[in-house]
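Participant: Sharing a structure, written as structure tokens. Questions coming.
In my numbering, the protein residues as written are 236 to 601.
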């Protein structure tokens with residue numbers, strides 16, 4: 236990872252050489268594999284690799300190469316990935332199926348071809364068999380939004396979404412007959428902890444809070460104008476929030492990536508919002524961290540104090556450098572600072588927390 240970072244710091248990391256792709260893959264591997272049990276993490280990490288590769292190769296003509304670079308950076312540094320690959324078996328697979336369904340549907344929207352229809356239904360069918368309810372309430376709101384809001388929305392009629400009924404019935408039948416040894420899902424509407432898991436989806440993007448807020452505001456404001464990016468992302472966000480699966484992280488990463496790409500462009504309208512929320516969340520983190528240090532010292536003594544200090548600084552110091560890059564108009568420092576804020580916090584949590592923090596984490600309801 237250090238070699239990749241050195242390459243990034245010495246070249247044009249977006250336009251001239253593809254070091255950014257290697258960096259994103261290494262970042263994802265470090266975030267997913269090194270901070271959790273290796274044997275349990277490998278399958279989920281490979282599935283995430285496949286989803287990121289599909290997003291790049293199928294989505295670059297729709298989202299743009301530079302936007303997808305930032306998408307890879309944001310998604311790979313998510314605070315949620317270590318939890319997913321360590322504690323979940325089925326969620327990465329559902330995520331991959333939903334991503335492929337959306338990409339194939341988007342390609343059909345632009346250029347109806349039989350292979351896009353086949354790909355969309357193959358991926359959608361797989362998602363239905365894994366998680367029938369979540370797949371249905373993710374894809375159908377998304378497709379309906381595109382159908383009535385996008386200029387080419389009528390082309391979605393050719394995907395024959397009315398076939399969803401029999402497929403859902405078959406998926407529910409398969410799901411109910413599955414034995415207890417089947418795949419486990421963290422994100423499920425049948426789970427009593429789904430409200431807290433929905434909140435965790437937002438907290439996982441905490442370093443990018445300002446960019447996420449700016450992107451959501453832009454999507455809402457531009458709906459009346461019919462701007463294509465906002466229409467597409469409006470449907471994706473609506474479906475992702477309805478389903479409450481790992482697919483929401485994919486949607487958030489795309490929104491943040493677009494704002495990162497445009498942040499230093501002249502006339503960017505949300506600069507003050509991004510800067511304000513970034514600084515406020517860093518100040519809140521530091522304040523809550525100080526209170527946490529007092530509590531950890533009183534509860535666990537010197538060990539708790541040292542561990543708390545590591546966790547606080549691992550997140551805050553890179554985030555502070557990211558804020559400096561934001562105000563100093565240094566795109567590289569800003570992006571890497573915020574990304575490493577999440578990565579180093581994950582590292583500190585998984586490697587330096589100690590047995591007592593592991594015990595606390597294992598008692599959480601997810």
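Cβ coordinates follow ideal geometry from the N, Cα and C atoms, glycine included. Keep in mind it's a predicted model, so treat the numbers as computed, not measured.
#1: Less than 8 Å separating the beta-carbons of residue 550 and residue 579?
#2: Quick one: Cα of residue 491 to Cα of residue 309, how far?
#3: Within the same chain, show all residues whose beta-carbon is closer than 7 Å to that of residue 339, passing over the 5 residues directly before and after it, in chain order.
#4: Considering residue 496, what are the terminal residues of the alpha helix (DSSP H) in which it resides?
#5: To the nearest whole angstrom, what separates the beta carbons of residue 477 and residue 373, a pair I think is in contact under 8 Å?
#6: With DSSP run on the structure shown, which of helix, strand or coil describes residue 565?
#7: The alpha helix (DSSP H) that contains residue 394, what's its start and end?
#8: Unbroken alpha helix (DSSP H) runs of length 4 or more, entirely within the stretch 495–576: which are they?
#9: Whose C-alpha, out of 457, 394, 304 and 283, is nearest the C-alpha of residue 570?
#10: Decide if residue 479 is buried, meaning its Cβ has at least 16 other Cβ atoms within 10 Å, or exposed.
#11: Which residue wins for smallest C-alpha separation from residue 568, given the options 391, 345, 394 and 499?
#12: Could you check if residue 330 is buried or exposed, using at least 16 other CB atoms within 10 Å of its CB as the buried criterion?
#13: Grab me the residues of residue 467's own chain with a C-beta within less than 6 Å of its C-beta, minus the 5 sequence neighbours each way, in chain order.
#14: Closest to residue 575 by CA distance: which of 292, 538 and 555 is it?
#15: Anyone know if the C-beta pair for residue 514 and residue 558 falls short of 8 Å?
#16: Ignore the nearest five residues each way along the sequence and tell me which others in residue 443's own chain have a CB closer than 7 Å to its CB.
#17: Can you tell which of 385, 524 and 327 has the C-alpha that lies nearest to the C-alpha of residue 542?
#18: CB-CB under 6 Å to residue 376, same chain, minus the five flanking residues each way: which ones, in chain order?
#19: If you draw a straight line from the alpha carbon of residue 325 to that of residue 471, how long is it in whole angstroms?
#20: From what residue to what residue does the alpha helix (DSSP H) around residue 355 run?
#21: Would you check if there are 3 or more beta carbon pairs closer than 8 Å linking the stretch 438–453 to the stretch 503–511?
#22: Excluding sequence positions up to five away, which residues of its chain have a Cβ less than 6 Å from the Cβ of residue 382?
#23: Ordered along the chain, which non-local residues of its own chain (more than five positions away) have a Cβ less than 8 Å from that of residue 501?
#24: So residue 394 packs on residue 343, CB below 8 Å; how close in whole Å?
#25: On the DSSP letters alone, give me the boundaries of the alpha helix (DSSP H) that residue 436 sits inside.
#26: For residue 299, does the three-state DSSP call read helix, strand or coil?
#27: How about residue 462 and residue 423: are their beta carbons less than 8 Å apart?
#28: Considering Cα atoms alone, identify which of 521, 535, 510 and 536 is closest to residue 562.
#29: Where does the unbroken alpha helix (DSSP H) through residue 345 begin, and where does it stop?
#30: For residue 486 and residue 306, which I take to be in contact (beta-carbon distance under 8 Å), what is that distance rounded to the nearest angstrom?
#31: Go to residue 313, then tell me how far its alpha helix (DSSP H) extends in each direction, as first and last residue.
#32: How far does the alpha helix (DSSP H) with residue 473 in it extend, from its first residue to its last?
#33: According to the Cβ coordinates, are residue 493 and residue 290 closer than 8 Å?
#34: Identify which residue in 332, 362 and 483 has its Cα closest to the Cα of residue 316.
#35: Is the beta carbon of residue 363 closer than 8 Å to that of residue 371?
Facilitator: Looking at the coordinates:
#1: yes
#2: 8 Å
#3: 351, 354, 355 and 358
#4: 482–497
#5: 6 Å
#6: coil
#7: Run containing residue 394: none; DSSP gives neither H nor E here.
#8: 506–562
#9: 304
#10: buried
#11: 499
#12: buried
#13: none
#14: 555
#15: yes
#16: 309, 491 and 573
#17: 524
#18: 473, 474 and 477
#19: 21 Å
#20: 349–365
#21: yes
#22: 388 and 391
#23: none
#24: 6 Å
#25: 429–438
#26: coil
#27: no
#28: 510
#29: 326–345
#30: Residue 486 to residue 306, Cβ: 10 Å. No contact.
#31: Counting along the chain, residue 313 falls outside any alpha helix (DSSP H), and DSSP gives it neither H nor E.
#32: 463–478
#33: no
#34: 483
#35: yes
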